[in-house]
Ligand SMILES: [Zn+2]
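Numbering (our numbering), first residue to last: 926 to 1376.
Encoded structure:
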């Protein structure tokens, strides 16, 4: 049973899919006017791990994340560079997708873009107007929050409180200070024709439309960073309530933010660590362990110590995997390890990992469980006599756990020639012919064979 914390009810709940053994999940993506920093990469890595865990549990997973490719910031950057907005947006979509692969994320089911969803967005805004949930003022369209039942339900704010706390700006066309923009008439930047006037959509509408367009109804999980909970996600829910009489997803999940040694990370403060740079520097294994070492709902503070810890853990894990794989190949000629787990001790080892992940995706405990598996691997490798069946099963458990956390890697099998060399070296050692053993060892090292 998978349990997760539902931000909509503020409770730990049992996960019940809409369709048996299927997961539909949507996570709000980036506005593409720049690369992603480590704070933005937390939901990327975390929800990829969630998708991997569901897949491991036998689910067919459809994980969608969008690109907001039209926005004031994109237009501003395009004007500064004297290019079309699409030059900016395509540049960063390409770069962000590269970062996703560098972070070893599974390919998403779809990455919809706003500019490719425009007819559906316009149609949706019209639907909100027809249903009385939106109004037109001077070619701009606003959502009327008083028409949405339970407005603010996700962030737990009452509409009266929100209205009292909201700033009313002069020349505001809104009927209510909490109303938000669905369509705006624009002078600058790219615009699209619509029944309300030539312009472009506000930010809060695209996700609702994309979800409905791709999944045709309610989904299982909607995720994103905690900073999106209000107003973005509350506004998404408000629109879906009026348009479709649903709250988009059965489960809402929000990850905590990452600060930089106690300070908020932001481009305006100039203290940004780019995900791309850091992953290229330390590798995806340590990077993902660094993110997953902290349970996702907790805030995370980025400091050198967490990189040091993640690097040390990763080295332990990867070394253990390599030694066991080599031992299996050298002693039994096996390079394919996927086998059924029958050994009771190993079943329990895998269960410890599974239970950690099923407990609201407690990745920190899952890493601890993985390190227990690593301990067993080290014992098995040190054992003089290879227990073949046990070692094959152990390798399978290790591989599955590493795959779920996204820190799996391929090991190339040794060639026959190299294998022969290693066997000669081992033989010389056991014959206590140390001069010969040293000779072989030197060749092995020179050839860069890692044992
Ligand atoms: Zn969204």
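Beta carbons are placed, not taken as given, at the ideal position from N, Cα and C, and that holds for glycine.
- The continuous alpha helix (DSSP H) containing residue 1210 extends over residues 1209-1217.
- If only uninterrupted alpha helix (DSSP H) runs of at least 4 residues are considered, those enclosed by the region 1213-1279 are 1229-1257.
- By the neighbour-count criterion, in which a residue is buried when 16 or more other Cβ atoms sit within 10 angstroms of its Cβ, residue 1304 is exposed.
- Taking each of 1330, 1338 and 1371 in turn and checking the Cα distance to residue 979, the smallest one comes out for 1330.
- At least one heavy atom of ligand 1 is found less than 7 angstroms from the C-beta of residue 1157.
- Between the alpha carbons of residue 1172 and residue 1204 lies a distance of about 36 angstroms.
- The Cβ atoms of residue 1073 and residue 1031 do not sit closer than 8 angstroms to each other.
- For the set 968, 932, 1336 and 1006, the Cα lying nearest the Cα of residue 990 is the one of 968.
- Shown here, residue 982 sits in coil according to DSSP, grouped into three states, outside any helix or strand.
- Taking a cut-off of 8 angstroms on C-beta distances, the region 1156-1166 touches the region 1058-1073, as three or more cross pairs fall below it.
- Residue 941 and residue 1301 have their C-alpha atoms some 34 angstroms from each other.
- Restricted to the region 975-1061, the alpha helix (DSSP H) segments that are unbroken, complete and at least 4 residues in length are 997-1006, 1010-1027 and 1043-1055, listed in chain order.
- Rounded to the nearest whole angstrom, the C-alpha separation of residue 1180 and residue 1069 is 29 angstroms.
- Within 7 angstroms of the C-beta of residue 1132 there is at least one heavy atom belonging to ligand 1.
- For residue 1174, DSSP records a beta bridge to 1144.
- Excluding its 5 nearest sequence neighbours in each direction, residue 1281 has C-beta neighbours in its own chain below 7 angstroms: 1287, 1290, 1291 and 1294, listed in chain order.
- In this structure residue 1221 is not in contact with residue 1029, their Cβ atoms being roughly 18 angstroms apart against a cut-off of 8 angstroms.
- Under a 10 Å Cβ-count criterion, residue 926 is classified as exposed, with fewer than 16 other Cβ atoms of the shown protein chains found around its own Cβ.
- Short note on residue 1149: C-beta closer than 7 angstroms to some heavy atom of ligand 1.
- Residue 1145 counts as buried, since no fewer than 16 other beta carbons sit within 10 angstroms of its beta carbon.
- Here the C-alpha atom of residue 1101 lies approximately 8 angstroms from the C-alpha atom of residue 1088.
- A distance below 8 angstroms separates the beta carbons of residue 1130 and residue 1050.
- When beta bridges are read from the DSSP output, residue 1185 appears opposite 1188 and 1227.
- The closest CA to that of residue 1123, considering only 1170, 1193, 1047 and 1153, is found on 1047.
- Look at residue 956 here: in three-state DSSP terms it is strand.
- In this structure, residue 953 has its CB closer than 7 angstroms to one or more heavy atoms of ligand 1.
- Residue pairing from DSSP places residue 1065 in a beta bridge opposite 1062.
- If you draw a straight line from the Cα of residue 1313 to the Cα of residue 1264, it comes to about 12 angstroms.
- Residue 1161 has its CB nearer than 7 angstroms to a heavy atom of ligand 1.
- Assignment of residue 950 by DSSP, reduced to helix, strand and coil, places it in the strand class.
- For residue 1108, the enclosing beta strand (DSSP E) has its first and last residue at 1105-1110.
- DSSP lists 930 as the beta-bridge partner residues of residue 937.
- For residue 1130, no alpha helix (DSSP H) run applies, since DSSP gives it neither H nor E.
- For residue 1076, there is no enclosing alpha helix (DSSP H), as DSSP gives it neither H nor E.
- For residue 1292, the enclosing alpha helix (DSSP H) starts and ends at 1288-1307.
- Residue 1285 and residue 930 do touch by the CB rule: their CB atoms are close to 5 angstroms apart, below 8 angstroms.
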